[in-house]
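In our numbering, the protein residues as written are -2 to 630. Built from N, CA and C at the ideal position, the CB exists for glycine as well. The structure presented is a predicted model; accordingly, all values stated were derived computationally and were not measured. Everything below concerns the one structure shown next.
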Ligand SMILES: O=c1ccn([C@@H]2O[C@H](COP(=O)(O)O)[C@@H](O)[C@H]2O)c(=O)[nH]1
Ligand SMILES: [Zn+2]
Ligand SMILES: [Zn+2]
């Protein structure tokens, strides 16, 4: 982090020595249990949101996409050697979260090329592929074209630009036979998302399950040994907004006993839910923090075409747990949430017998990421953050919460010079703030990491003070329409943990300073680090590495900056500024006296939520590079 003690600079992107001594894996800080391999195994990613570099400031999530390319290749070989099947699966939301995906126009132009280097077997679409028309066409023309039959969008269509007819972005289903003879019917089902661009159509799950193609797939004359339902859809039902239960009921109506395996996402948590004795559901977190593992056994000649190893592979632990105790189903399961770091990947790749983890395909992907990051100037330093600021690990509005800082940033930077003397509220949604800010250099990459969306500042001029001043409270009482639509937020907040703060940073900084292996530091070897502490339908033993819990505090759905008010006198009217993403929420509260005709750009269409924070940091005294409390020790 030398860039923090000089003039505006550049943090070198250092790739570290990646080898890890087996002895460095300590019982309290890394994985301690080999994975249970079954007859059918899944490696699962979801909600990667462009974090393909991994977490540069958190060693515990410090593996990059190249490391995952290597690991997934190794696992495929391992599965082959063991005589079992492995499916590598992704469940969407590929951008809006990091510079590698969001510093290009359109988003994803570069990061998709890197993402594509993993040999996925099945993929599905996320809501972040559908907010904007150009991104939705990218899903059609690039993602779907590249992955072909493997990209499943069972309920998502797009308007074909030539024929002006609706067509599915990917395929509705995939019927295939695995290497070891399992006959799989797979679907990819997005939750009932309503915020999509109008050149796309999301067919509600309840409608989808009545469609002829779906009924035909269920009544397919070919045998089906297992249904695999991918979905950008929370793993469990209840109040989460997940439509998996609808799909489950529809399949069960025709196939009472056939196993159904769900792989979900969207609510950014680790979770595993049991649906019935032969049906479970896995969700694998977010932002390249988690690699999900699911394995199952119980296939034999009476219930499948499986011709691999029965009852399960030798020389490794096997799944043993029934989804429901004492049920007669033959299927047994295991699930595990792996922390996204080299220590973990090396441990599970069993590298001790050939000494070296890396494969050329992984190293090539890593080199590509480094090159792209340099091309995009993602390590350029805009300022220096004097302390950690987090989203939910500290009370909202406390001095270590990110929101007071962002309110100040909104107040200081969202200014239309010709209206700057008119008091203003600048309102945005807390959901637009995607990650904590860490002490140390604030890079171009961090701009996207904290606030990745290109949401434009709109305004309604001169709203009576009485109405304007009650707006934030009313919005928070009403809740975000996104939240109402999805119903996932409360579940997310119950279970989700935000990433740990200074602890990991200390580790990461040490690496940068000494150019040492990032995975071996004194601190890591002796402590249990803060992180995920997951509780799911199988209990509390799903986290591959044990962590201590991170505090969690509720946050409201909206926050605001305030500026232009004169001390001692009350304003008569206020400019109400808000981001386009929440326009309908704001108009709903303002009532029938206001409509979209009253709304226009406050600055222009180019100044977005990506821009206000870096501008503030670059101009703020407290964030200047070289400030005494802002250098990295
Ligand atoms: O333009 C946008 C688009 C989205 N958001 C926020 O993102 C979440 C959805 O993110 P997931 O990763 O799918 O959970 C949405 O609810 C908004 O809070 C935004 O702020 N601006
Ligand atoms: Zn997501
Ligand atoms: Zn999502």
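Nearest-angstrom Cβ-Cβ length linking residue i and residue j, presumed shorter than 8 angstroms
i	j	result
residue 607	residue 450	7 angstroms
residue 562	residue 568	6 angstroms
residue 183	residue 244	Actually they do not touch by this definition, with Cβ atoms about 12 angstroms apart.
residue 117	residue 144	7 angstroms
residue 344	residue 28	5 angstroms
residue 232	residue 279	6 angstroms
residue 564	residue 422	That belief does not hold up - the Cβ atoms of residue 564 and residue 422 are roughly 17 angstroms apart, past 8 angstroms.
residue 39	residue 179	So it is not a contact: roughly 12 angstroms between Cβ atoms.
residue 468	residue 424	7 angstroms
Residue-chain proximity (residue i, chain B), Cβ-Cβ < 9 angstroms
i	result
residue 97	No chain B is part of this structure, which consists of one protein chain only.
Where the alpha helix (DSSP H) containing residue i begins and where it ends
i	result
residue 342	339 to 345
residue 177	It is not in any alpha helix (DSSP H) - residue 177 carries neither H nor E in the DSSP assignment.
residue 109	108 to 112
residue 373	Note, residue 373: premise wrong, no alpha helix (DSSP H); not H, not E.
residue 470	462 to 475
residue 72	62 to 79
residue 386	From DSSP, residue 386 is part of no alpha helix (DSSP H); its letter is neither H nor E.
Same chain, Cβ closer than 6 angstroms to residue i, neighbours up to 5 away in sequence not counted
i	result
residue 274	320, 321, 324, 326
residue 181	173, 223, 225
residue 458	572
residue 616	none
residue 442	96, 375
residue 42	87
residue 436	382, 384, 385
residue 141	148, 166, 167
residue 71	346
Heavy atom of ligand 1 within 8 angstroms of residue i beta-carbon
i	result
residue 265	yes
residue 578	yes
residue 450	yes
residue 426	yes
residue 301	no
residue 192	yes
residue 656	In the structure as shown, the chain begins at -2 and stops at 630. Residue 656 is therefore absent and cannot be evaluated.
residue 613	no
residue 334	no
residue 712	Since the first residue of the chain shown is -2 and the last is 630, residue 712 is not available in this structure.
residue 429	yes
residue 93	yes
residue 462	no
residue 128	yes
First and last residue of the uninterrupted beta strand (DSSP E) at residue i
i	result
residue 198	197 to 199
residue 380	378 to 382
residue 571	570 to 576
residue 332	329 to 336
residue 42	37 to 42
residue 121	119 to 121
residue 559	555 to 560
residue 83	82 to 87
Same chain, Cβ closer than 7 angstroms to residue i, neighbours up to 5 away in sequence not counted
i	result
residue 397	384, 385, 386, 387, 391
residue 99	47, 92, 93, 445, 449
residue 416	572
residue 206	243, 244, 247
residue 611	379, 444
residue 251	215, 216
residue 452	429, 576, 577, 578, 605, 606
Check: residue i C-beta below 8 angstroms from any heavy atom of ligand 2
i	result
residue 283	yes
residue 44	yes
residue 641	In the structure as shown, the chain starts at -2 and stops at 630, and residue 641 therefore has no counterpart that could be examined.
residue 262	yes
residue 87	no
Near ligand 3: residue i beta-carbon under 8 angstroms from a heavy atom
i	result
residue 125	yes
residue 229	yes
residue 90	yes
Nonlocal neighbours in the same chain, by C-beta distance under 8 angstroms from residue i, ignoring five residues either side
i	result
residue 317	33, 329, 331
residue 529	267, 282, 286, 287, 334, 336, 494, 540, 544
Legend entry - Secondary structure, alpha helix (DSSP H): runs of 4+ residues fully inside the stretch 421 to 458: 441 to 447
Inset, instruction - Please go through the stretch 271 to 313 and give each complete beta strand (DSSP E) segment of 3 or more residues, from N-terminal end onward. - result: 276 to 281, 287 to 294
Inset, instruction - Please go through the stretch 200 to 263 and give each complete beta strand (DSSP E) segment of 3 or more residues, from N-terminal end onward. - result: 223 to 227, 257 to 261
Inset, instruction - Any chance you could list the alpha helix (DSSP H) runs of at least 4 consecutive residues sitting entirely within the stretch 124 to 173, in chain order? - result: 130 to 135
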